[in-house]
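> Here it is, the structure in full.
Protein chains: 2
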Amino acid sequence: MRIVKTIKEMREVSRWYRGEGKVMGLVPTMGALHDGHLSLVRRAKEQNDRTIVSIFVNPEQFGPSEDFNTYPRDTDADLEKLSGLQADVVFMPEAREVYPEGFSTLIEMGGIGQVLCGASRPGHFNGVATVVAKLFNIVIPRRSYFGQKDFQQTVIIQKFVRDLNFDTEVIVCPIVREPDGLAMSSRNAYLNEEERKAAVILHKALQLGEELIHSRRIDDASKVKKEMIALIKKEPLAKLDYIDIVDPHNLDPVKRVIFAAAICLAVNIGKTRLIDNIIVERR
Amino acid sequence: MRIVKTIKEMREVSRWYRGEGKVMGLVPTMGALHDGHLSLVRRAKEQNDRTIVSIFVNPEQFGPSEDFNTYPRDTDADLEKLSGLQADVVFMPEAREVYPEGFSTLIEMGGIGQVLCGASRPGHFNGVATVVAKLFNIVIPRRSYFGQKDFQQTVIIQKFVRDLNFDTEVIVCPIVREPDGLAMSSRNAYLNEEERKAAVILHKALQLGEELIHSRRIDDASKVKKEMIALIKKEPLAKLDYIDIVDPHNLDPVKRVIFAAAICLAVNIGKTRLIDNIIVERR
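Protein sequences, first through last, are from chains Z and L. All residue numbers for the first sequence refer to the working numbering, where the first residue is 194 and numbers rise by one. All residue numbers for the second sequence refer to the working numbering, where the first residue is 194 and numbers rise by one.
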């Protein structure tokens, strides 16, 4: 497994692979790898000749009052996991390599980046789109892999790939959950024992929403939200940030669930902000 | 010479060339080709295995009160010129191919796109950057060619290529001028006989600026500007939009010309807005 720290070397490796006719899959991560990330790496290994995993905690996607400094970092453990899966290249540049002095260009996503998590995190998705576009340009991967846990992120990435004609296939992999249903997230490491138990409320609320739509055939999004909110309120450690039922393609809010919808939520458990989502189809 | 109208076919042609190990040069244009454009095509032919010329009048870079509808279009003449130079591919997509319904992502250039021409043309350079990024992603050219006549544009393109890590070498070619000094531009076609004569004032003002800095060793930018403005005022058909003396790398205004500077101006001749520039170095 090759560890690459500069853009120049990453470009050279990538050009070499392309010259050899090797198809590349890219898995962009911020490290602190869990089984969710590893499922992306496994999928990339299956579908490509070479798998490149990037580890970069991207300062441009954190707001000034957010957890950039405390975001979990564990490079040794990450490299061991990736080596175990036989990733071919780990690209882990320094921040000053990615954002040299004078950097100022941004990919501006407009409205789709300002709803859901974008409402609580202004600029976040422009930062995500910009760093992912940079990675696409450095690696030029045939395929790239993202987890559905960050659902809005996957919609944003598919949108700018389409709008700006990036030549990569964006592959979204299912959420990987702990046995009790909590979606895997590097930020779960912030939770103490009590909070960890409380955090299951996100998945429980989504399950309730799904049940209301599927089994009880309620199509009124506001009714579904209301019952979900009532459930979350029963958990004293939980503080709701948002819960929205949206069109999975463009994130527009839906009033009635006619065919398919994404239920997305963000909940603060103590000081830790967690997100989760589920795609429901009316059968 | 192959004429390509869809993004899908352009990608296929480009992949084929890459697969064959052919190096591609891209010359993005808005058509109405003059000797300035043709000098870019010749340079691309010299430096690459395959030369792709795009012709696309980009609606996203025109303001609502600008000349998108009347911008000169002459496809037959363009194709004849390009065929004469043995360009390999002409990529000429329709607007709805480039901007399908729902398109909304923009490359946001920030301050560098808001000075000089950007002050009179809000959003113009975000539109330029966005369409050029799309062309880069569709063609993936090793080299791309732009004329120095649109000086700010060349700085903007070099900036987003660097900031977003596009893997193309941006090559800026010298301004091609008419015998009397007027910089070649598709918009010169708008000028009537009288205006055509008056239009030489742009180049005359730049020559004066260069002479003041070079021969008369004046380094005070405001003095240089003042004398240039006085000269332009003597031409009754000319109305100055702006004249600025800037750092050629970042377009910051310079107060004193210590080493190098770009003198950039825009002048309305009748209803036609023309631009020109010169890079001066103190010797």
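A virtual CB, placed ideally from N, CA and C, is assigned to each residue, including glycine.
In chain L, which residues lie less than 9 Å from R186 of chain Z when you measure between Cβ atoms?
Residue 186 of chain Z lies beyond the range of chain Z shown here (194 to 476); nothing can be said about it.
> Could you tell me which of L:R211, L:L272 and L:S207 sits nearest to H230 of chain L, measuring between CA atoms?
Of the candidates L:R211, L:L272 and L:S207, the one whose C-alpha sits nearest the C-alpha of H230 of chain L is L:L272.
> Is it true that the stretch 275-292 of chain L meets the stretch 282-302 of chain Z, where meeting means three or more beta-carbon pairs spaced less than 8 Å apart?
Result no; under three Cβ-Cβ pairs closer than 8 Å.
> Is N251 of chain Z close to chain L, meaning its C-beta is less than 8 Å from at least one C-beta of that chain?
No, no contact with chain L.
> According to DSSP, which residues form a beta bridge with K432 of chain L?
Partner(s): L:N461.
> Leaving out five residues before and five after N385 of chain Z in sequence, what residues of the same chain have Cβ atoms less than 8 Å from its Cβ?
Around N385 of chain Z: G463.
> Could you round the C-beta distance between V450 of chain Z and D412 of chain Z to whole angstroms and report it? I think they count as a contact, below 8 Å.
So it is a contact: roughly 5 Å between Cβ atoms.
> Where does A392 of chain L land, buried or exposed, given buried means 16+ other C-beta within 10 angstroms?
Result: buried.
> Under the assumption that F353 of chain Z contacts A376 of chain Z (Cβ atoms under 8 Å), give the Cβ distance between them as a whole number of angstroms.
Contact doesn't hold; Cβ gap of about 24 Å is too wide.
> Short check: CB of T323 of chain L to CB of E253 of chain L, under 8 Å?
Yes, Cβ-Cβ distance for T323 of chain L and E253 of chain L is below 8 Å.
> Do the CB positions of A414 of chain Z and V363 of chain Z come within less than 8 Å of each other?
No, the Cβ-Cβ distance between A414 of chain Z and V363 of chain Z is not below 8 Å.
> Measure the CB-CB distance between V250 of chain L and A280 of chain L and report whether it falls below 8 Å.
For V250 of chain L and A280 of chain L, no; Cβs fall outside 8 Å.
> Quick check: E428 of chain Z and I394 of chain Z, are their CB atoms within less than 8 Å of each other?
It is a contact, given that the beta carbons lie within the stated cut-off.
> What residue from L:T222, L:N319 and L:S258 has the CA that sits closest to P286 of chain L's CA?
If we check each option's Cα against that of P286 of chain L, L:T222 comes out closest.
> Can you list, in chain order, the residues of the stretch 287-321 of chain Z whose Cβ is nearer than 9 Å to any Cβ on chain L?
Answer set for the stretch 287-321 of chain Z: V291, Y292, P293, G295, F296, S297, T298, L299, I300, E301, M302, G303, G304, I305 and N319.
> Return the residue from the list L:S258, L:E259, L:K215 and L:H227 that minimises the CA-CA distance to K238 of chain L.
Comparing Cα-Cα distances from K238 of chain L to each of L:S258, L:E259, L:K215 and L:H227, the minimum goes to L:K215.
> Leaving aside the five residues before and after L401 of chain Z along the sequence, list all residues of the same chain whose C-beta is less than 8 Å from its C-beta, in chain order.
Only E420, M421 and L424 meet the Cβ criterion.
> When you compare each of Z:N461, Z:P441 and Z:L458 to F452 of chain Z by their alpha carbons, which one comes out closest?
It is Z:P441 whose Cα lies nearest to the Cα of F452 of chain Z.
> Helix, strand or coil for I368 of chain Z, going by three-state DSSP, please let me know.
Reduced to three states, the DSSP call for I368 of chain Z is coil.
> Suppose you measure from the CA of I331 of chain L to the CA of W209 of chain Z; what does that come to, to the nearest Å?
Cα to Cα, I331 of chain L sits roughly 21 Å from W209 of chain Z.
> Given a cut-off of 8 Å, decide if F344 of chain L and N461 of chain L are closer than it, judged by their beta-carbon atoms.
No.
> On the criterion of 16 or more Cβ atoms from any shown chain inside 10 Å, does P367 of chain L qualify as buried, or is it exposed?
By the neighbour-count rule (16 or more Cβ atoms within 10 Å), P367 of chain L is not buried but exposed.
> I480 of chain Z CB to nearest chain L CB: under 8 Å?
Nothing in the structure corresponds to residue 480 of chain Z, since chain Z is present only between 194 and 476.
> Between the beta-carbon of T244 of chain Z and the beta-carbon of G218 of chain Z, is there less than 8 Å?
In this structure, G218 of chain Z lies closer than 8 Å to T244 of chain Z by Cβ.
> Counting along the chain, where does the alpha helix (DSSP H) carrying E205 of chain Z start and finish?
Element bounds for E205 of chain Z: I200 to G212.
> According to DSSP, simplified to helix, strand and coil, what is L384 of chain Z?
Note: L384 of chain Z maps to coil in three-state DSSP.
> Are the beta-carbon atoms belonging to A459 of chain Z and S313 of chain Z less than 8 Å from one another?
The answer is yes: Cβ separation under 8 Å.
> Hey, how far is the Cα of Q240 of chain L from the Cα of R195 of chain Z?
Distance between the alpha carbons of Q240 of chain L and R195 of chain Z: 34 Å.
> Can you tell which of L:V234, L:I300, L:H227 and L:G256 has its C-alpha closest to the C-alpha of C310 of chain L?
If we check each option's Cα against that of C310 of chain L, L:G256 comes out closest.
> Just the Cα atoms here: how many angstroms apart are H317 of chain L and E301 of chain Z?
Taking the straight line from one Cα to the other gives about 15 Å.
> Answer with yes or no whether the minimum CB distance from K352 of chain L to chain Z is below 8 Å.
So, interface residue.
> Which first and last residues belong to the alpha helix (DSSP H) in which R135 of chain Z is found?
Beyond the ends of chain Z as shown, which are 194 and 476, falls residue 135 of chain Z; an answer cannot be given.
> Look at the alpha carbon of L275 of chain Z and the alpha carbon of R235 of chain Z, and state the distance between them as a whole number of angstroms.
Each residue's alpha carbon lies about 10 Å from the other.
> Show which residues of chain Z have a CB atom less than 8 Å away from the CB atom of N330 of chain L.
In chain order: L357, N358, F359 and D360.
> Could you tell me which whole alpha helix (DSSP H) segments of length 4 or greater appear in the stretch 234-315 of chain Z?
Counting only runs of 4 or more, we get 268-277, 288-291 and 310-313.
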